[in-house]
Amino acid sequence: MTTTVLSGATRRGRGSSLRPTGKVLPQHQRAHNRSLVLGRLFHDGPTSRAALARATGLTRVTISDLVAGLLEEGLVEEMGMQRGGVGKPAILVGMQTEAFAIVAVDLSSDAVMRGAVLTLSGRKIASHTADATDCSGDACVDLIEQFVRELVTRASVPVIGVGIGSPGIIDSDGCVLEAPNRDWYNLPLATLLSERIGLPVRVGNDADVAALGEYSYAGAADSMLVITVKQGVGAGLVFEGARVHGSRGAAGEIGHVTVIDDGDLCACGRRGCLETVLAEPALRRAIEGLDPDATQHKLGEIGRILGLVLAPVVSVLNLAEVLLSGPADLLDGCLREQALAVITERTMPATSTGFGMRMAELGDSIVLTGAAGLVLEAQLGVS
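Under the numbering used here, think of the first position of the sequence shown as 2, with each following residue one higher.
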C-alpha cells in the first residue's frame, strides 16, 4: 500500500499516482488561492475554469495557473465539455476524490476502537474495529499505532493522512492536554503517531470532529453546534465556517456546566453537571421502568434543561442550528422538541426566527467522517 503526503506542493510517494511539479513550496497567498479552488470543486462538483474565477474572485490567469498545478499533482482532472449556453464549450475540471484515501479513527467509545479507510468524498473503502476496554496510557498509543497500520494496508489508493477523534481537551497541534479516561496528560499524540507511521496525523476532540464532519460532508450550516450524547456529553462548534477551539482548546465542554444544585456526582468531580442527566446511561436510568407517557414526560423535562443551557449560547452566537448526535430513541422526540421550545421562548425573535434543532445526519459514522475532514482540512485546505 502506497502512502502519500500532501502539503501545498505534493511530495511523491513510492508508487504514487501523484506527479511532482518541480516547483518550490507555494507562498501563503498561493496556498490560500489553492484552497479556495479545491474547496469550490469539493463542495460544488466539476466546473469550468471561468466559473471558478467568478466564484472565487480570482483572475482567469490565476485560475489557469492553479488548475494546471493541481492537474500535475493529480488532485484534479479534466472531465469533458460543458454543454449548453453560447460560445465555445468549456472544459470541466473536478477533484479526483476517489484517487486518494484517508485513514480515520474514532476513539470516543470506552469499549471499542473504530476505524475506516475513506475516499476524499467520505465514501468508505474499508473498516476495522478493535477492543478498547482498559485502553489507556502508553499501551493505548501502541494499540492505536498497530490499528492504523492495519487500516493503511486495507487502502487500495495512496493515503494522504490519518485523522483521529478522541475524548479530551486537545490543542491545535494534536497534543492531548487532558483525557482522564485514557490516562493521557500533555501527550503529543499526533506527533508520536506521525513519527512512527510516517504519515501526517491530525488529532481532534471527538465532538469538535463530529461538528467538522457535519459541516464538511453533510451540509450543516456555517454557524452551528453539534451536541454529542454518548457515555458523556460534549459539543463541537463551527462559527462562520471555522471550527472554534477556545483559548485553551476546551471550547465545547458543555457537559460540565452545572444544571442541578447538589445533583449527582459527575466524573469531573463536581455535582449536577449536564452530563449527569443527558449522557446516554443517565437518560436510560431516568426512564427505566416508566410507561410510554411517563417516559416522554421525563425526556421532555431533560430537554427543557438542555434548552436552558443552550439558549444563551444560541443567542450570543446567533447560531443557525443545533444538531444532536446520539441515540435517536432518546433524543429525537420530546427531548429535542422541548429543548427547541425553550430556546425559542428565551431568545429574541431575531435570534430564534429560522433557528432549527435536528438530529445529525452522519449517525454512527459522525466521528470517523469528521476525522477524515481533519485530514482534508490540514492537507488540502478544504473544510
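In this text, a Cβ means the ideal position worked out from N, Cα and C, and glycines have one as well.
In this text, all values refer to a predicted model and were calculated from it rather than measured experimentally.
Can you tell me whether residue 82 is buried or exposed, with buried defined as 16 or more other CB within 10 angstroms of its CB? For the purposes of this step, residue 82 is taken as the residue at position 81 of the sequence shown. Residue 82 should be labelled exposed.
Which residues share a DSSP beta bridge with residue 289? Indexing the sequence shown from 1 puts residue 289 at position 288. Looking at the DSSP output, residue 289 sits in no beta bridge, so it has no partner there.
Excluding sequence positions up to five away, which residues of its chain have a Cβ less than 8 Å from the Cβ of residue 299? For the purposes of this step, residue 299 is taken as the residue at position 298 of the sequence shown. So the list reads 287, 288, 291, once near-sequence residues are dropped.
Alpha carbon of residue 216 to alpha carbon of residue 274, nearest angstrom: On the sequence shown, position 215 is the one that residue 216 refers to. On the sequence shown, position 273 is the one that residue 274 refers to. In a straight line, the C-alpha of residue 216 is about 28 Å away from that of residue 274.
Checking the sheet assignment: what are the DSSP bridge partners for residue 125? Residue mapping note: residue 125 aligns to position 124 of the sequence shown, counting from 1. 119.
Give a single yes or no on whether residue 234 has its beta carbon closer than 7 Å to a heavy atom of the ligand FMN. Only the bare structure without any ligand can be found here, which leaves the ligand FMN out of the picture.
Please list the segments of the alpha helix (DSSP H) lying wholly inside the segment 337-374, counting only runs of 4 or more residues, in order along the chain. 350-353
Use the C-beta contact count for residue 107: other C-beta atoms within 10 angstroms, 16 or more gives buried, fewer gives exposed. Here the question's residue 107 lines up with position 106 in the sequence shown. Looking at its Cβ environment, which holds 16 or more other Cβ atoms inside 10 Å, residue 107 is buried.
The alpha helix (DSSP H) enclosing residue 173, as first and last residue numbers: To locate residue 173, count along the sequence shown from 1; it is residue 172. Element bounds for residue 173: n/a, residue is neither H nor E.
Just the Cα atoms here: how many angstroms apart are residue 378 and residue 295? Taking the first residue of the sequence shown as 1, we reach residue 378 at position 377. Taking the first residue of the sequence shown as 1, we reach residue 295 at position 294. Answer to the nearest angstrom: the Cα atoms are 45 Å apart.
Are the beta-carbon atoms belonging to residue 203 and residue 191 less than 8 Å from one another? In the sequence shown, the residue the question calls residue 203 occupies position 202. In the sequence shown, the residue the question calls residue 191 occupies position 190. Taking 8 Å as the Cβ cut-off, residue 203 and residue 191 qualify as a contacting pair.
If you draw a straight line from the C-alpha of residue 271 to the C-alpha of residue 49, how long is it? For the purposes of this step, residue 271 is taken as residue 270 along the sequence shown, with counting starting at 1. For the purposes of this step, residue 49 is taken as residue 48 along the sequence shown, with counting starting at 1. When rounded, the distance between both Cα atoms is 57 Å.
Specify, as a first and last residue, the run of the beta strand (DSSP E) that residue 239 falls within. In the sequence shown, the residue the question calls residue 239 occupies position 238. Looking at the DSSP string, the run of the beta strand (DSSP E) that includes residue 239 is 234-240.
Using a Cβ distance threshold of 8 Å, determine whether the segment 180-200 contacts the segment 331-344, with at least three qualifying pairs required. Short answer: they don't touch.
For residue 31 and residue 258, what's the separation of their Cα atoms in angstroms? Here residue 31 corresponds to residue number 30 of the sequence shown, with the count starting at 1. Here residue 258 corresponds to residue number 257 of the sequence shown, with the count starting at 1. In this structure, the alpha-carbon of residue 31 lies about 43 Å from that of residue 258.
Closest to residue 419 by C-alpha separation, out of 124, 109, 311, 60, would be which residue? Absent from the model: residue 419. The displayed extent of the chain is 2 to 384, so no value can be given.
For residue 23, the three-state DSSP class (helix, strand or coil): Within the sequence shown, residue 23 is the residue found at index 22, counting from 1. Residue confidence for residue 23 is low, a pLDDT of 41 falling below 50, so the modelled location carries little weight and cannot support an answer.
Reference residue 282; option with closest CA among 324, 149, 331: The count along the sequence shown starts at 1 and reaches residue 282 at position 281. The residue among 324, 149, 331 with its C-alpha nearest the C-alpha of residue 282 is 331.
Between the beta-carbon of residue 227 and the beta-carbon of residue 361, is there less than 8 Å? The count along the sequence shown starts at 1 and reaches residue 227 at position 226. The count along the sequence shown starts at 1 and reaches residue 361 at position 360. Contact flag set, yes.
Do the CB positions of residue 34 and residue 72 come within less than 8 Å of each other? Position 33 of the sequence shown, counted from the start, is the residue given in the question as residue 34. Position 71 of the sequence shown, counted from the start, is the residue given in the question as residue 72. The answer is no: Cβ separation not under 8 Å.
Any idea if residue 263 is buried or exposed, counting beta-carbon neighbours within 10 angstroms, 16 or more meaning buried? Mapped onto the sequence shown, residue 263 falls at position 262. When all chains shown are included, residue 263 counts as exposed.
Count the other CB atoms, across all protein chains shown, that sit within 10 Å of the CB of residue 96; report buried if there are 16 or more and exposed otherwise. Translated into the one-based positions of the sequence shown, residue 96 becomes position 95. It is buried - the Cβ of residue 96 has at least 16 other Cβ atoms within 10 Å.
Using 8 Å as the threshold, is the segment 117-126 in touch with the segment 168-183, meaning 3 or more CB pairs across them? No, because fewer than three Cβ pairs between the segment 117-126 and the segment 168-183 fall closer than 8 Å, the two stretches do not touch.
Contained alpha helix (DSSP H) runs [length at least 4] in the segment 151-230, N- to C-terminal order: Counting only runs of 4 or more residues that sit fully inside the segment 151-230, the alpha helix (DSSP H) segments are 190-198, 207-218, in chain order.
Would you check if the distance between the CB atom of residue 224 and the CB atom of residue 320 is smaller than 8 Å? Sequence index remark: in the sequence shown, residue 224 carries index 223 (1-based). Sequence index remark: in the sequence shown, residue 320 carries index 319 (1-based). Result yes, Cβ atoms of residue 224 and residue 320 sit closer than 8 Å.
Can you list the alpha helix (DSSP H) stretches of 4 or more residues lying completely in the segment 19-106, in chain order? 29-45, 50-57, 61-74
Alpha-carbon spacing of residue 315 relative to residue 302, whole angstroms: Your numbering for residue 315 matches position 314 in the sequence shown. Your numbering for residue 302 matches position 301 in the sequence shown. Cα to Cα, the separation comes out at about 20 Å.
Bridge partner(s) assigned by DSSP for residue 131: Taking the first residue of the sequence shown as 1, we reach residue 131 at position 130. Paired residue(s): 114.
Kindly confirm or deny that the segment 160-173 and the segment 90-105 touch, where touching means at least three C-beta pairs closer than 8 Å. yes
Whole angstroms is fine: what's the gap from residue 268's alpha carbon to residue 138's? As a first step, residue 268 is located in the sequence shown; it is residue number 267 there, counting from the start. As a first step, residue 138 is located in the sequence shown; it is residue number 137 there, counting from the start. Spanning the two alpha carbons is a distance of roughly 19 Å.
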